[in-house]
C-alpha cells in the first residue's frame, strides 16, 4: 500500500498517475466508483449470515458510504442554499470515518499495521478538518441558547429555540419585550461569543476548503476508492493467536468496562454534588479526561459490535444487539457526546471571558454561562450513569443473575454497586 | 397592652417608670424573673398530658426561654472571646421568637388581636435585628467556601473547611501551593465579597447594639416578662366557632399542603433541569417566592404541632409527632433553609458584581459563584421534594392506603403524583 502518504508529500513528488491539484477528478472518480461497488457486494453488509469476510465487507461498505458523502458534500457545498445538505454530508462522513477508524483500531492485529495506522490517521485528519466549522457553529448555538435561557424564563427541559448562527449579536436582541429589561452584559456576552466563534468558524471553513484541495486529500480518496472496490488483505491468524473477530471485539468491551470502573459513577449518581463545577475557577479543569476516554472506548465497543454482528456475538454476553442493551448503550453514548459538547462550550465561555478590556458585566454573564455549561456536564454524567446501569440491566432483562453476572461482579467496584442499586430500585 | 410601642417613641416621652437608656436593668430584671418562672410551671411543658392550658403553657415556656437567651446574649456579648456564645444565644433567641410568633399567628382567633399582632411584630423586629449580623457572616462564609471549592478540587459532598470570616481576603490566599495557579479573579472576588459583607455585618452589629438600648426593646422585654410569669388571656370560643387547638393546627397544615401543591415539585424531582438558573441573568429573579412562602408555612405547621402535642393530634392524620413524619418534615425544613441561604448568597454575589470599576476577572468569578449558588438552590428544591415525599410516606409507613390516603388524593396534582411515584420506587 503506497496510497496513504503523509500530508507533506508534495503532489509533484508523488509517483502515482492521479496528480490533480483540483479536488474534483479524484473525488469524483472515487465517488462514481463507489456506488456500483456496494451493490456488487450485497453479501458484504455487516452481519449477513453467509458473509465469509465480515470485517472486509464492513470496511468496504463504510468506505463506499464515505466516498458517497464526499461526493454529496462537494455537490452541496457548491451552493449557499444547500448549506444544510453540506452539514448533513459532513455528519455522515464523520459517521463512516469513525467506524472505519475504530474498526482499524480494534482489529489492528488482522491488518498490515502501517497501512491501518496511516489510513486511520488520515481519516481522522479529514473528518476533523471538515467537521470543525460545524463544531464551532454548534458551540455558538449552544452558548447563545443557554444565554437566552439564563436571561429569560423557561427551563432546560423544554427545547430552547436556538438562535440562528448566521445572525450577529443575536443573544440580546429583541425577541420579545422583556428583552428591554436585560442587563447589558447578556447582549455583550452574546455578541462577544458570536464574534469569537464566527471568526473561528470562518477560519475552519477556509482550512476545510484548503484540505479538500490538498494532495493529502487526494491520496486519502484514492486509498478509500481502493478499499471500496476490494477488501483489504487480512492476516491469517496463526494457531496460537487470538483467532476470532469476536475475541477482538470482546477485548474492546473489557477495555470499556475497565474504564467505566474508573469513573466516579457512584458519586455521579447522586445528583447535585457539583463535582463538575469543582475547580471551575482554577487555571486547569480536571476530571473530564476520564469521561472523554470512556466516550472513545464506548464508540470502539459499539462499532466492534456492528462488525461482529448478532451471529458472531458470544452467547455468554446475554443479549443480542438491537436490544435494550444496544439502545441503552447508544443513549449512554449520546450523554457522553453532550458531556463533550458542554465541556467544550464551558471552555469557550471561559476563554471569551479572558478577552482583554471587556466590561465587567460581560465577564459576569460569561461566568454564569460557564457554570451553566459545567452544570450540564454534571447532568450528562448523571444521565450516563443511569443509562449505563440500564445497559447492564439490559443484559439481564429478567433481573436474575445469569452469565453476565460474572462480568458485573468481575471487577466489583462502583459499576457492580450501581448495577445492584439500579436493579434494586427497578430502574 | 401598651408596652409594645414603636421604636420612634422616645424614652423621654414614655409614661412608664422603667426609663433607663442602658439596656441592662430592664433586660436583667426580665431575665432574672424568667428562670424561677419556668420551674414553677412544670406542667406547662407543651404536650404534658395533664396540662389544662397547653397554648398558654407553651407561650410561657417559650417566653421564659427567650428571656434567658437575652440574658445569655448580654453576658456573652460583653467579651470578645465569648463571641461564639453570643451567636449561639441569638440562634436560640430566634428559635424561641419564631415559635412564639408562629403560635400567635396560627391561634390568633384565641388571643386579643391587637396584643398578639403587636407582640409578633416586635419579636420579629428584635430577632431580625439581632440575627442580621450573623446572617451576613454566614453568607460570607458560604460564599468564600464556595469560591474555595470552585477554585480547588473537592466536591460539595465533602464538607469544605470554611474560611474564617474575620480574615480579610481569605479566598485566594495561600492554602496550599496550588493557589499560585489561581486566577487573580478568585482572590479579588473573595476580597470584594469580604469587604462588602463585613461592612454590612458591622453596620448590622451597630444596629443591634442600638436596638438593645432602645425603648422599643425595653417595652418588648417587659411584655415578655409578663408573658413568662402569667399565661395570656385567651378568648373562650363560642359554641359556633372552631373550638379546639387541633382545628387551628389542622388549618395551618392544610395551608401548607395547598402551598406545596403549587410548587413545581414534579419538575424539581427531575434533577438537572436548571430551572433555578433560569432568568439568572435577567434583571429580576423569579420563582423563589413560592418556595420561601412554603418555608414559612412549614414552620407554622411544625410549631403548631408542638403546641397541640401528640395527644391532641387528630388520629386521622396517621402518625404521631416524633415519628418518621416529623423527621422528614424537619429535614424538608432544613432544605428550605438551605434554599433561602443559597438564594441570598447568589443575590449577594450578583450584587457584588455590580460594583463599579471591578476587574473583568473579578466579575467572571462572581458570575460562576452566582450560578453555583443558584445550582445549590436547585439542589435544595430537589432534596425538599424527596423529603416531602418521605414525609407523606411517613404518614403511611406500610405503604398501604389508609386514612391519610384521602388527604394525599384530596388535591391530586403534583403532590399526589410525587407521592405515588415515591412509593412506587420505594423511596
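Residue numbers (our numbering), protein chains in the order written: chain A, 2 to 428; chain B, 2 to 428.
All C-beta atoms in this analysis are idealised placements derived from N, C-alpha and C, irrespective of residue type, glycine included.
With 7 Å set as the bound, which would you pick, yes or no: does the beta-carbon of residue i sit closer than that to a beta-carbon of chain A?
i, result
"residue 191 of chain B", "no"
"residue 376 of chain B", "yes"
"residue 264 of chain B", "no"
"residue 368 of chain B", "yes"
"residue 365 of chain B", "yes"
"residue 354 of chain B", "yes"
"residue 152 of chain B", "yes"
"residue 293 of chain B", "no"
"residue 337 of chain B", "no"
"residue 272 of chain B", "yes"
Just checking: is the beta-carbon of residue i within a distance shorter than 7 Å of some beta-carbon in chain B?
i, result
"residue 187 of chain A", "yes"
"residue 361 of chain A", "yes"
"residue 371 of chain A", "yes"
"residue 1 of chain A", "This structure leaves residue 1 of chain A out entirely; chain A is present only between 2 and 428."
"residue 194 of chain A", "no"
"residue 55 of chain A", "no"
"residue 278 of chain A", "yes"
"residue 198 of chain A", "no"
"residue 282 of chain A", "yes"
"residue 159 of chain A", "In this prediction, residue 159 of chain A has a pLDDT of 33, which is less than 50 and means its spatial position is unreliable; nothing more can be read from the coordinates."
Relative to the C-alpha of residue i, which residue among the options is closest?
i, options, result
"residue 218 of chain A", "A/139, A/71, A/255 and A/87", "A/71"
"residue 392 of chain B", "B/331, B/271, B/223 and B/230", "B/331"
"residue 213 of chain A", "A/124, A/200 and A/265", "A/124"
"residue 389 of chain A", "A/328, A/352, A/371 and A/378", "A/328"
"residue 386 of chain A", "A/373, A/335 and A/310", "A/335"
"residue 117 of chain B", "B/216, B/62, B/236 and B/252", "B/236"
"residue 259 of chain A", "A/151, A/93, A/291 and A/365", "A/291"
"residue 352 of chain B", "B/264, B/196, B/95 and B/68", "B/196"
"residue 371 of chain B", "B/136, B/138, B/151 and B/95", "B/151"
"residue 110 of chain A", "A/337, A/248 and A/267", "A/248"
"residue 306 of chain A", "A/228, A/255, A/65 and A/394", "A/255"
"residue 66 of chain A", "A/339, A/81 and A/92", "A/92"
"residue 430 of chain B", "B/288, B/253 and B/252", "The structure shown does not extend to residue 430 of chain B, since chain B is modelled only from 2 to 428, so the question has no answer here."
The alpha helix (DSSP H) with residue i in it runs from where to where?
i, result
"residue 82 of chain A", "From DSSP, residue 82 of chain A is part of no alpha helix (DSSP H); its letter is neither H nor E."
"residue 247 of chain B", "246–262"
"residue 123 of chain B", "114–152"
"residue 191 of chain A", "185–213"
"residue 223 of chain A", "216–230"
"residue 335 of chain A", "325–354"
Beta-carbon within less than 7 Å of residue i's beta-carbon, same chain only, minus the 5 sequence neighbours each way: which residues are those?
i, result
"residue 363 of chain A", "186, 189, 190 and 193"
"residue 368 of chain A", "354"
"residue 130 of chain A", "208, 209 and 212"
"residue 233 of chain B", "57, 60 and 112"
"residue 464 of chain A", "With chain A represented from 2 up to 428, any question about residue 464 of chain A goes unanswered, as that position is not in the structure."
"residue 84 of chain B", "none"
"residue 272 of chain B", "383"
Which residues in the same chain as residue i place their Cβ atom closer than 8 Å to its Cβ, once the five residues preceding and following it in sequence are excluded?
i, result
"residue 140 of chain B", "198, 342, 345, 346 and 349"
"residue 308 of chain B", "47, 55, 56, 59, 104, 107, 108, 246 and 250"
"residue 282 of chain B", "none"
"residue 304 of chain B", "99, 100, 103, 104 and 107"
"residue 257 of chain B", "295, 298, 299, 301 and 302"
"residue 278 of chain B", "372, 375, 376 and 379"
"residue 360 of chain B", "185, 186 and 189"
Among residues of its own chain, excluding the 5 on either side of residue i, which ones have a beta-carbon nearer than 6 Å to its beta-carbon?
i, result
"residue 133 of chain A", "205"
"residue 78 of chain B", "87"
"residue 201 of chain B", "137"
"residue 63 of chain A", "97, 100 and 101"
"residue 144 of chain B", "194 and 346"
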